[in-house]
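Encoded as structure tokens, the structure appears first; notes follow it.
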Amino acid sequence: MPKALWLSEQGLAAELREVTEAELAGTSDQAGAGSDSDTRVRIRVEYSDINYKDALAVTGSPGVVRNYPLVPGIDVVGVVENDPSGTFNPGDRVIGVGGGLGETMHGGFAELALVDAPLLTKVPERFDNLTAAAIGTAGFTAALCVNRLLVHGIEPESEVWVTGSTGGVGSVAVSLLAALGFEAVAVTSKVATAEDYLLGLGASRVVDAGDFKEAGRSLQSATIGSAIDTLGSVPLANLLARTVPGGIVAACGLAAGGDLPTSVMPFILRSVTLAGVNSVHPLPGWREAAWDLLDTALDTDALLAATREISLPEVADAAKTLLDGSNSGRFVVKL
Ligand SMILES: NC(=O)c1ccc[n+]([C@@H]2O[C@H](COP(=O)([O-])OP(=O)(O)OC[C@H]3O[C@@H](n4cnc5c(N)ncnc54)[C@H](OP(=O)(O)O)[C@@H]3O)[C@@H](O)[C@H]2O)c1
């Protein structure tokens, strides 16, 4: 029987156990809208990875999982065994990110997964399966954010600030921006310990996150052209307050909080754009554009140097380091 991390009910941490195929087929809710286990792609899972959401889910924290029991893991990377929909061939390497995996549907922390074909993308030839998992939702989200800035018209060689830069999204964002010729300014709470790591990813300079921690006026001295924010709350309010007229902030995260203590002033007096990013249900065309960008530009050496491979029993401890903010880089989980 396949091994899996299993969340039996709300409030309890995930346990490692063997699961039956019937359990993995799940309830009709867990099969996803309009599908059942007979129409889903059967995947021999090779890797998953740990995102902030996974850390919340496996430790039994509220806010992510909405169906119990559930296999957590918002990312799935593996090899297709069978696809009744005819979209994929046996042996195809596929990745699924978001779409409800590990939240409402069984996710990637199991040796076998049944996933709706529209949630899957063929892994680009350039990436092996471990690299695809190291990218995962974090890298996919970073690419969605970078694309928002590119569509807005940011110019190469200009500065792009990235908050939470040692995290999964932030690390890939810094690496991607550097590869595209932007000056990535890495904002981090870990200047003392992670400066070399961030410069190694391609950051042009590293800035202390303490500069963004205290609540301030909604308009401040305008020094930031564009930014990617993974924190929300006061840091995002300060980014907006310091963004130049016509500048843009792509916001994807809430590691510092889900509130946004600002006013309309940056928007109505400086024409600042706040661009939202949702990796779970990206708008039509955005999924393909994000994978194209990653395929074209991502420096996989830098990403892999910042990636640690762990096993299912090690997921709980790794998750705690994401939740207490002490982690740098990516955890890939080998199934
Ligand atoms: N919109 C979407 O679709 C989407 C997709 C993926 C992720 N997200 C969200 O984006 C955020 C980052 O995700 P991730 O996977 O990159 O997480 P992660 O790997 O845990 O990184 C988060 C980073 O934020 C900083 N941080 C952590 N706790 C903090 C706190 N309490 N106050 C201020 N800074 C803190 C740390 O960076 P430094 O020490 O370097 O400052 C940490 O490394 C999360 O909120 C996640 O839910 C959203």
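First residue of the sequence shown: 180, per this note's numbering; consecutive thereafter.
Each residue gets a CB set at the ideal place from its N, CA and C atoms; glycine is no exception.
Nothing here was measured: the structure is a model prediction, and the numbers come from that model.
With 8 Å as the threshold, decide whether the Cβ of residue 245 is near any Cβ in chain C. In summary, chain C is missing from the structure at hand, where a single protein chain is found.
State the start and end residues of the unbroken beta strand (DSSP E) segment that holds residue 372. For the purposes of this step, residue 372 is taken as residue 193 along the sequence shown, with counting starting at 1. No beta strand (DSSP E) holds residue 372; the alpha helix (DSSP H) holding it covers 370 to 380.
Counting C-beta neighbours from all protein chains within 10 Å, is the total for residue 407 16 or more, i.e. buried, or is it exposed? By one-based count along the sequence shown, residue 407 stands at place 228. Under this definition residue 407 is a buried residue.
Top-ranked residue by Cα proximity to residue 275, from 312, 450, 481 and 420: Residue mapping note: residue 275 aligns to position 96 of the sequence shown, counting from 1. It is 312.
So, under 8 Å CB-CB, residue 381 and residue 358 are touching, yes? Tell me the CB distance rounded to an integer number of Å. Translated into positions along the sequence shown, residue 381 becomes position 202. Translated into positions along the sequence shown, residue 358 becomes position 179. Contact check for residue 381 and residue 358: beta-carbon distance about 7 Å, within the 8 Å limit, so the pair qualifies.
With respect to 7 Å, is the separation between the Cβ of residue 247 and the closest non-hydrogen atom of ligand 1 below this value? For the purposes of this step, residue 247 is taken as residue 68 along the sequence shown, with counting starting at 1. Residue 247 Cβ: outside cutoff for every heavy atom of ligand 1.
Please state whether the Cβ-Cβ distance between residue 322 and residue 469 is less than 8 Å. Here residue 322 refers to the residue found at position 143 when the sequence shown is read from its first residue. Here residue 469 refers to the residue found at position 290 when the sequence shown is read from its first residue. Yes, these two residues count as a Cβ contact at 8 Å.
Inter-residue Cα distance where the pair is residue 290 and residue 256: Here residue 290 refers to the residue found at position 111 of the sequence shown. Here residue 256 refers to the residue found at position 77 of the sequence shown. If I take the Cα positions, the gap works out to 10 Å.
For residue 385, verify whether its CB is less than 7 Å away from any heavy atom of ligand 1. In the sequence shown, counting from the first residue as 1, residue 385 sits at position 206. The beta carbon of residue 385 sits no closer than 7 Å to any heavy atom of ligand 1.
Candidates 463, 327, 293 and 272: closest to residue 305 by CA position: Along the sequence shown, one-based indexing puts residue 305 at 126. Of the listed residues, the one whose Cα sits closest to residue 305 is 272.
Which word fits residue 417, buried or exposed, when buried means at least 16 other C-beta atoms lie within 10 angstroms of its C-beta? Numbered from its first residue, the sequence shown carries residue 417 at position 238. Buried: at least 16 other Cβ atoms inside 10 Å.
When you compare each of 451, 436, 428 and 351 to residue 484 by their alpha carbons, which one comes out closest? Sequence index remark: in the sequence shown, residue 484 carries index 305 (1-based). Per the Cα distances, 351.
N-terminal and C-terminal residue of the beta strand (DSSP E) that residue 197 is part of: The residue you call residue 197 lines up with position 18 of the sequence shown. Where residue 197 is concerned, the enclosing beta strand (DSSP E) stretches over 194 to 197.
Can you name, in chain order, every residue of its own chain whose Cβ lies under 6 Å from the Cβ of residue 238, other than the five neighbours on each side? What you label residue 238 is simply residue 59 of the sequence shown in a count that begins at 1. Counting only residues of its own chain and dropping the five nearest sequence neighbours on each side, residue 238 has a CB closer than 6 Å to the CB of 192 and 498.
Can you list, in chain order, the residues of its chain with a C-beta nearer than 6 Å to that of residue 283? Leave out the 5 residues immediately preceding and following it. Reading the sequence shown from its first residue, position 104 is the one you call residue 283. Cβ neighbours of residue 283 beyond the five flanking positions: 245 and 246.
Tell me, to the nearest whole angstrom, how far the beta carbon of residue 310 is from that of residue 230; I am working on the premise that it is less than 8 Å. Position 131 of the sequence shown, counting from 1, holds the residue named residue 310. Position 51 of the sequence shown, counting from 1, holds the residue named residue 230. Between residue 310 and residue 230 the beta-carbon gap is near 16 Å, outside 8 Å, which marks them as no contact.
Determine the DSSP secondary structure at residue 226, reduced to helix, strand or coil. For the purposes of this step, residue 226 is taken as residue 47 along the sequence shown, with counting starting at 1. Strand at residue 226.
Is the region 433 to 451 in contact with the region 397 to 415, if contact means three or more CB pairs nearer than 8 Å? Yes: the two stretches touch, three or more of their Cβ pairs being nearer than 8 Å.
Tell whether a beta-carbon distance below 8 Å holds between residue 511 and residue 295. For the purposes of this step, residue 511 is taken as residue 332 along the sequence shown, with counting starting at 1. For the purposes of this step, residue 295 is taken as residue 116 along the sequence shown, with counting starting at 1. Cβ distance not < 8 Å, so residue 511 and residue 295 don't count as in contact.
Residue 255 lies in the beta strand (DSSP E); which residues open and close that run? Taking the sequence shown and counting its residues from 1, one reaches residue 255 at position 76. Start and end: 254 to 261.
Reference residue 328; option with closest CA among 503, 471, 366 and 356: In the sequence shown, the residue the question calls residue 328 occupies position 149. If we check each option's Cα against that of residue 328, 356 comes out closest.
Between residue 345 and ligand 1, is the CB less than 7 Å from at least one heavy atom? The count along the sequence shown starts at 1 and reaches residue 345 at position 166. Distance from the C-beta of residue 345 to the nearest heavy atom of ligand 1 is below 7 Å.
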